[in-house]
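Okay, so the sequence shown: first residue is 46 according to this note's numbering, each after it adds one. Idealized CB from N, CA, C, for every residue including glycine.
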Amino acid sequence: MKALLDSSDKQHLALPSLKAKLLQSFSFLVILYAVLGLILVAAVIMASRNTPKVIHLNYDSIAAIGRMQEALSALRDPGEYFWQPKEYWLSQFEQNLLFEESNLTEPGEQEIAQKIRHLWNQHKDRIQELNVDTLVQLRALLKSVIVANEKGMFTIAEDNSRLARTVLLGAVLYFLISLALSLLAANKLTERLASPLNEIASTLHEKPAVGKPLSLPEPTSKELLILTRELSRLWHRVGEMEKLNIQELIQEKSKLETVLESVEDALFVLDPLGRITHSNRTLLRLLNLDGKDIRGEHWSTLSTESDAFATLNAVVGQQLPDRYESELKLEQPKRFFSLRLRQITNHESKPVASLYLLHDVTERRQREKLRSELIDLLSHELKTPLQSLGTASELLMDHKAALSTDLQFCVETIAEDIDRIRAVANEFVQITQTKAKVMRLVLEKVAINRAIETWLKPFHVVAKDKGVRIEFESEGSELIFANIDSVKFPWVISNVVSNAIRFSPKGEAIVVKVTDRDGAVEIKIKDHGPGVPPEQQEKIFEPFYQFDFAAGSGPRGLMGVGLTIAKEVVEAHDGRIEYHSNHPTGSVLRILLPFPGLELT
């Protein structure tokens, strides 16, 4: 501590330390409570001395008399106590009588024991012939022993209780006296210690001007001297830092305002009380509040009749997740916005503000609408000529026997190409619709294992023509339920199983297995095709990707479209789809769906 005091503080070295003051004050309290503790310990020892032993002996005497009473009843009425012979009960009475004669603790107990011994010795050989008066006398003597011992136990208990009350009363009085003295000493000590600290706190509470010296009290101890010196030094540093930080804060504020104004999205920040702390021009234009400063105003009290404010007001202030996203529609003028909410937290992860971002997605919605209309147009324009070409090719196929070999080959090629073009067109429409996010699900609780078994029936014929077979397995005989769209989820099974049939070599089996595992429904489709090379597996779910299979091992046309559709549908069901390859000997496609009411972990 001396090292903290420079040479100019030599006059303060004689100040007592805070430790010495505390030690001196509390030594008196320690002595008081030590004496009180010794008195209490001595009183407890006196109260408990010999008491348990005497009570134990009294209890043993009562138990012995009880066994003697039982033996006497057995000797008088052997028929009721037939399980032991007479000699046993004679021995019981004799042994317990001897114990009682050696365990005399109460006044008059010896005379009673002698009387019992006298009567027992006279009549033990003819106890069944004992007259009623003698029997009553013997039982009364036994009872009197019990009464004497019980009285002794009660007397001991009363004496102990009286002593305990006396000790407790003395301890309470002594404790109250010690407590009063302790409070007086503590009050005096705390007053001496707290007075300068209160003066320091009062000085700081008055918010003195930064950069000016602090008016601190004269220290009364070495610790207070160090404290006041450190406070003065730190206050001087605060003043210097304040001068440096003000300019930096002004610059940072200017940067923040520039960034906010340059953002094209409308944004605003609310504090926990709903007051606006930040906003930009885009928001003001949206709310018809151009040129107004709304900082500090409560959101609900904004004076505007903007349709955007009415729409936003239905969301702002609601209990929403920390990361919330939604889409808002404005009628006048008709526009669409993507709303994002982010909670701003402090270093303790407690929310201190809410950031709302409004991104104009009107053009994107219009593009999606145009794309949807284009898809419908393409679908219609493709279906009609494809239908005509398909009908013509079917007619030619019906009469190909009348054609030459070359023409037959051309007709077969035309039919195959029409089927391929039709499949590619359908896949193109499906994947484009899916990526355009126009998928709408109608969920219902379905026994997924039974449903998949039904969906697989049409594929058995296709698989048979290809020379492969489809095997279905379900864990146990119970139904396994999941929430699915009964129209769209079959796309998943259709696309995955179709791929498996196309790639499986003849003679092999495609295994479809459904199990419930760890709170989820697991669907596995396993085939023995060539699999996807490791370097290409990460692109398995990309649309229109052509995989590099060995020559002749893959089908003609676009690859990866079906799996892309499957992935989009599964994820729309809050599920997960995974691909595992044993290249070049097979693949396993694993689909996980949450149980109804649960989420995947």
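Rounded to whole angstroms, residue 113 and residue 101 show a C-alpha spacing of 18 Å. Counting only unbroken stretches of 3 or more residues, the beta strand (DSSP E) elements lying wholly within the region 286-357 are 311-315, 321-324, in sequence order. Close CB contacts of residue 313 within its chain, under the 7 Å cut and outside five residues either way in sequence, are with 321, 323, 324, 328, 401 (chain order). Boundaries of the alpha helix (DSSP H) around residue 241: 177-250. When DSSP states are grouped into helix, strand and coil, residue 503 belongs to the helix group. Straight across, the Cα-Cα distance linking residue 108 with residue 220 is about 43 Å. Pairwise C-beta distances place the region 556-572 in contact with the region 632-643, as three or more of them are shorter than 8 Å.
Of the candidates 641, 550, 571, 530, the residue whose Cα lies closest to the Cα of residue 613 is 530. In this structure the region 577-586 does not lie against the region 489-502, because fewer than three pairs of beta carbons, one per stretch, are closer than 8 Å. When secondary structure is reduced to three states using DSSP, residue 467 falls in the helix class.
Collapsing the DSSP output to three states places residue 491 in a strand. In this chain, the beta strand (DSSP E) harbouring residue 528 covers 526-530. Under the three-pair Cβ rule at 8 Å, the region 270-288 counts as touching the region 244-262.
For residue 127, no alpha helix (DSSP H) segment is defined, and its DSSP state is neither H nor E. With a 10 Å radius around the Cβ and a threshold of 16 neighbouring Cβ atoms, residue 151 comes out buried.
Excluding five sequence positions before and after residue 197, the CB atoms of its chain that fall closer than 7 Å to its own CB belong to 103, 150, 151, given in chain order.
Between the alpha carbons of residue 181 and residue 189 lies a distance of about 12 Å.
Residue 556 is a Cβ neighbour of residue 516, given a cutoff of 8 Å. The region 530-581 is shown to contain whole alpha helix (DSSP H) runs of 4 or more residues at 534-548, in chain order. Around the Cβ of residue 134, a 10 Å sphere holds 16 or more other Cβ atoms; the residue is buried. Counting of Cβ neighbours within 10 angstroms places residue 572 among the buried residues, the total reaching 16 or more.
Residue burial is scored here from C-beta neighbours: residue 546 has at least 16 other C-beta atoms within 10 angstroms and is therefore classed as buried. Comparing C-alpha distances from residue 432 to each of 343, 353, 467, 156 shows the shortest one belongs to 467. DSSP places residue 402 in the uninterrupted beta strand (DSSP E) bounded by 396-405.
In this structure, the CA atom of residue 455 is about 58 Å from the CA atom of residue 385. Partner residues in a beta bridge of residue 150, as assigned by DSSP, do not exist. Going by C-alpha positions, residue 118 is about 15 Å away from residue 142. Contact between residue 405 and residue 382 holds: CB atoms are separated by about 6 Å, below the 8 Å threshold. From the listed residues 144, 528, 264, the smallest Cα separation to residue 242 is found for 264. A Cβ-Cβ contact shorter than 8 Å links residue 186 with residue 161. Scanning its chain for C-beta atoms nearer than 6 Å, with the 5 sequence neighbours on each side dropped, one finds no residue around residue 236. Cβ-Cβ distances below 6 Å link residue 277 to 259 in the same chain, with the five nearest sequence neighbours on each side left out; the list follows chain order. The three-state secondary structure of residue 264, taken from DSSP, is coil. 8 Å or more divides the Cβ of residue 558 from the Cβ of residue 513. With distances taken between CA atoms, residue 508 lies nearest to 554 out of 498, 554, 407. Per the Cβ contact rule, the region 532-539 is in contact with the region 608-623 (3 or more Cβ pairs under 8 Å).
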